[in-house]
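Residue numbers (my numbering), protein chains in the order written: chain X, 4 to 253; chain A, 1303 to 1536; chain D, -9 to 225.
Built from N, CA and C at the ideal position, the CB exists for glycine as well.
Computed from a predicted structure; not experimentally measured.
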Ligand SMILES: Nc1ncnc2c1ncn2[C@@H]1O[C@H](COP(=O)(O)OP(=O)(O)OP(=O)(O)O)[C@@H](O)[C@H]1O
Ligand SMILES: [Mg+2]
């Protein structure tokens, strides 16, 4: 359902993505791991064209974009196929929780206000925030804000939800509530690509794990394989640093 | 409406007008110095909540912020001699330039006072507490810790109001000051080429403002040198 | 030299009649200037080719020169331009039929536009980049992002600065008296010259400006509180 071929991206002379190939099945849950600066965020941002890749091709569902011939219309089509959950939440500060979730439904999907509201309430119920619908983002905790961010993405019923370190900005005691919500959506069969540094979470939730370093995919496989029998030295080194308790679990 | 428009005159008038730039800068310079002194004095009663004086100062600031500089200029020009004549002091023959400097100093004093107060109050109380905790006395803490940080915050606003005052000097001619604008007015009466004179004046003011802005930007970078992200204003 | 206190009251009543003109000279330029400022701010924020260069110069020049220059250049320049056009196109009217107040309003509108564009621009840059990206990821197009996400927040952010600008403009209108407009200062000048009581007349004018300033400030303060209601906790 998602097909990425030869994706390259440079910032000035710094080649951040050096030819990424990736395939994601419908309903699959993919975690992307890798050291800081390896290009994970950039990859996700290319998938919805917040960054324009220099080369390569992206297919999501029935939308195909080639870096060499893009037009605005294709970009908007591509964006409608995915939704994104940001590390910094990025909620619309001038809109209430309910309005944040309804915004895309009304403005982009052209649903009626009533229909949008019904849908918004449904997803807000799912993320456990039905009692906060009239609050403004500035009145919520980080964990609550991120759950609104997830609801905003989920409401659009996209083919895939992209998560970029959804819990890194949170206080440790708030991480759990957000991961729980993500796990719940995962169980419902939504396709998801998650960039995270939460190793245990990635291991439990993912169907497949992709390990990136320095702009290339080093290794991919089911969690069991990636966490216990890495083929690549770099993967092993990284996991050793991130999960010291797994050191001798082989 | 004067004679036919002649663009060459715009250039020809420039040297004549620039000769009077000194007077314009003199007004800006002195009103800035006196304004700063007044501003500091006036900010204190509000910062330290001194009763009665504080109310008077508030009224003064409100009046300056509530009236056009032109009205303030006329009030000083006609009012100061009347006030001083009570003590038999006659200043009716004083050069108009002094009335302008007095007015603009009073005007700046009020604006600067508000800027200083805002800047000082923007400094985290934790800074003072930290200063006390290492044994500093209140005055030491104020001058060594609070004031340097406050100046950084106040600077962009002060720069703005100095540029504003530069532009405001263009009104001094209304009470007969011979600055750039005053010279422009006499040029108009002698040549009847008003449009060319005003365009010429605009060019001079614009260039001076650009130069001031440049200088302020460089100084601002200096004040912000220990700010990691170069926050230039609050 | 003594002050004739009763004449302050006489002048006060006379000058009061000039308040409507002062308010027109203040608010018409602000309202039209707001539209100019909005367009100019967006042109600059989105760096539109060619237009943004013109916009940059317009803002920099008008903010860098005294408002009295704008009034004078337009007061003397517009009729020349108009007469020229009338001659070229053989139009059936004369430039001295155009009331001076229109020149003043035109000049002040251009002045207001330059200041407002700068205010709106700083409002726009206060909207976090992340929110704009979030809006794109839910599928909005640029127009929708500007209209629904950027501008509402940018304008709410601009309210205090616009308040200051309105007060500033109320005071700036005083220079219109130099092209013989009968607004507050002009009216004061006339009363003063007729009776040779300058100080009294300008005291009355000062009080009127002061009171109008306080009223406008109070009104805008309440509006400001309403506009900012979504960020009760953040500020
Ligand atoms: N807008 C940009 N301009 C220039 N360089 C950029 C930009 N965005 C990212 N980079 C560079 O690209 C590289 C990859 O960044 P990216 O954010 O994709 O890494 P990441 O894997 O997400 O890291 P982290 O785990 O720290 O979030 C880094 O070297 C970064 O400095
Ligand atoms: Mg990242």
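With respect to the alpha helix (DSSP H) encompassing residue i, which residues constitute its N-terminal and C-terminal limits?
i: residue 1522 (chain A); result: 1496 to 1525
i: residue 3 (chain D); result: -5 to 6
i: residue 265 (chain D); result: Examination of residue 265 (chain D) is not possible in this model, given that chain D is present from -9 through 225 alone.
i: residue 73 (chain X); result: Looking at the DSSP string, residue 73 (chain X) is not in any alpha helix (DSSP H), and its letter there is neither H nor E.
i: residue 1368 (chain A); result: 1355 to 1368
i: residue 1409 (chain A); result: 1398 to 1424
i: residue 23 (chain D); result: 9 to 35
i: residue 1373 (chain A); result: 1371 to 1387
i: residue 61 (chain X); result: Premise fails: residue 61 (chain X) lies in the beta strand (DSSP E), 58 to 63, not in any alpha helix (DSSP H).
i: residue 47 (chain X); result: 43 to 50
i: residue 181 (chain D); result: 174 to 185
Exposed or buried, which one is residue i when buried takes at least 16 other CB atoms within 10 Å?
i: residue 1470 (chain A); result: buried
i: residue 173 (chain D); result: buried
i: residue 1376 (chain A); result: buried
i: residue 1524 (chain A); result: exposed
i: residue 1484 (chain A); result: buried
i: residue 1350 (chain A); result: exposed
i: residue 147 (chain D); result: buried
i: residue 1310 (chain A); result: exposed
i: residue 52 (chain X); result: buried
i: residue 39 (chain X); result: exposed
i: residue 48 (chain X); result: buried
i: residue 1446 (chain A); result: exposed
i: residue 3 (chain X); result: Nothing can be reported for residue 3 (chain X), as the shown portion of chain X is limited to 4 through 253.
i: residue 162 (chain X); result: buried
i: residue 1531 (chain A); result: Residue placement at residue 1531 (chain A) cannot be trusted, given a pLDDT of 47 that sits under 50; what the coordinates show is reported in the next sentence. The residue in question, residue 1531 (chain A), is exposed, as its Cβ has fewer than 16 Cβ neighbours within 10 Å.
i: residue 194 (chain D); result: buried
i: residue 121 (chain D); result: buried
i: residue 54 (chain D); result: buried
i: residue 1500 (chain A); result: buried
i: residue 135 (chain D); result: buried
i: residue 1319 (chain A); result: buried
i: residue 243 (chain X); result: exposed
i: residue 1432 (chain A); result: exposed
i: residue 224 (chain D); result: A caution first: residue 224 (chain D) carries a pLDDT of 34, below 50, which makes its placement in the model too unreliable to give a value.
i: residue 195 (chain X); result: buried
i: residue 1503 (chain A); result: buried
i: residue 203 (chain D); result: buried
i: residue 1511 (chain A); result: buried
Measure from the alpha carbon of residue i to the alpha carbon of each residue in the options, then state which is nearest.
i: residue 8 (chain D); options: D:186, D:149 and D:179; result: D:179
i: residue 1522 (chain A); options: A:1419, A:1461, A:1314 and A:1449; result: A:1461
i: residue 165 (chain X); options: X:208, X:133 and X:33; result: X:33
i: residue 1327 (chain A); options: A:1519, A:1315, A:1513 and A:1520; result: A:1513
i: residue 8 (chain X); options: X:15, X:46 and X:17; result: X:46
i: residue 50 (chain X); options: X:189, X:133 and X:25; result: X:25
i: residue 17 (chain X); options: X:57, X:237 and X:29; result: X:57
i: residue 1429 (chain A); options: A:1449, A:1307, A:1465 and A:1312; result: A:1449
i: residue 70 (chain X); options: X:44, X:41 and X:12; result: X:12
i: residue 1325 (chain A); options: A:1398, A:1315 and A:1362; result: A:1398
i: residue 170 (chain X); options: X:183, X:211, X:160 and X:159; result: X:183
i: residue 1467 (chain A); options: A:1475, A:1410 and A:1488; result: A:1410
i: residue 43 (chain X); options: X:221, X:246 and X:230; result: X:221
Counting along the chain, where does the beta strand (DSSP E) carrying residue i start and finish?
i: residue 17 (chain X); result: 17 to 27
i: residue 215 (chain X); result: 211 to 216
i: residue 87 (chain X); result: 85 to 88
i: residue 195 (chain X); result: 194 to 198
i: residue 143 (chain D); result: Element bounds for residue 143 (chain D): not the beta strand (DSSP E) but the alpha helix (DSSP H), 141 to 162.
i: residue 221 (chain X); result: 219 to 224
Residue ranges of each alpha helix (DSSP H) run of no fewer than 4 residues wholly in the segment 82 to 133 of chain D, ordered along the chain?
-> 90 to 115 and 119 to 127
May I have a chain-ordered list of the beta strand (DSSP E) segments no shorter than 3 residues that lie completely inside the segment 1449 to 1487 of chain A?
-> none
Three or more C-beta pairs below 8 Å linking the segment 68 to 75 of chain D and the segment 125 to 140 of chain D | no
Kindly provide the ranges of any alpha helix (DSSP H) runs that are 4 or more residues long and lie completely inside the segment 110 to 188 of chain X, ordered along the chain.
-> 116 to 129 and 145 to 158
At least 3 beta-carbon pairs within less than 8 Å: the segment 53 to 68 of chain D vs the segment 1499 to 1509 of chain A | yes
contact_flag[the segment 1390 to 1408 of chain A, the segment 1332 to 1339 of chain A] where n(CB pairs < 8 Å) is 3 or more | yes
Near ligand 3, which residues have their beta-carbon less than 5 Å from any of its heavy atoms, given in chain order?
-> The model depicted lacks ligand 3 and carries ligand 1 and ligand 2 instead.
Cβ contact check for the segment 1464 to 1480 of chain A and the segment 227 to 239 of chain X: 3 or more pairs under 8 Å = no
Does the count of Cβ pairs from the segment 10 to 20 of chain D and the segment 155 to 172 of chain D closer than 8 Å reach three?
-> yes
Should the segment 144 to 154 of chain X be called in touch with the segment 81 to 99 of chain X, which here means at least 3 C-beta pairs below 8 Å?
-> yes
Contact between the segment 151 to 158 of chain D and the segment 104 to 115 of chain D (3+ Cβ pairs under 8 Å) = yes
Is the segment 180 to 194 of chain D in contact with the segment -3 to 7 of chain D, if contact means three or more CB pairs nearer than 8 Å?
-> yes
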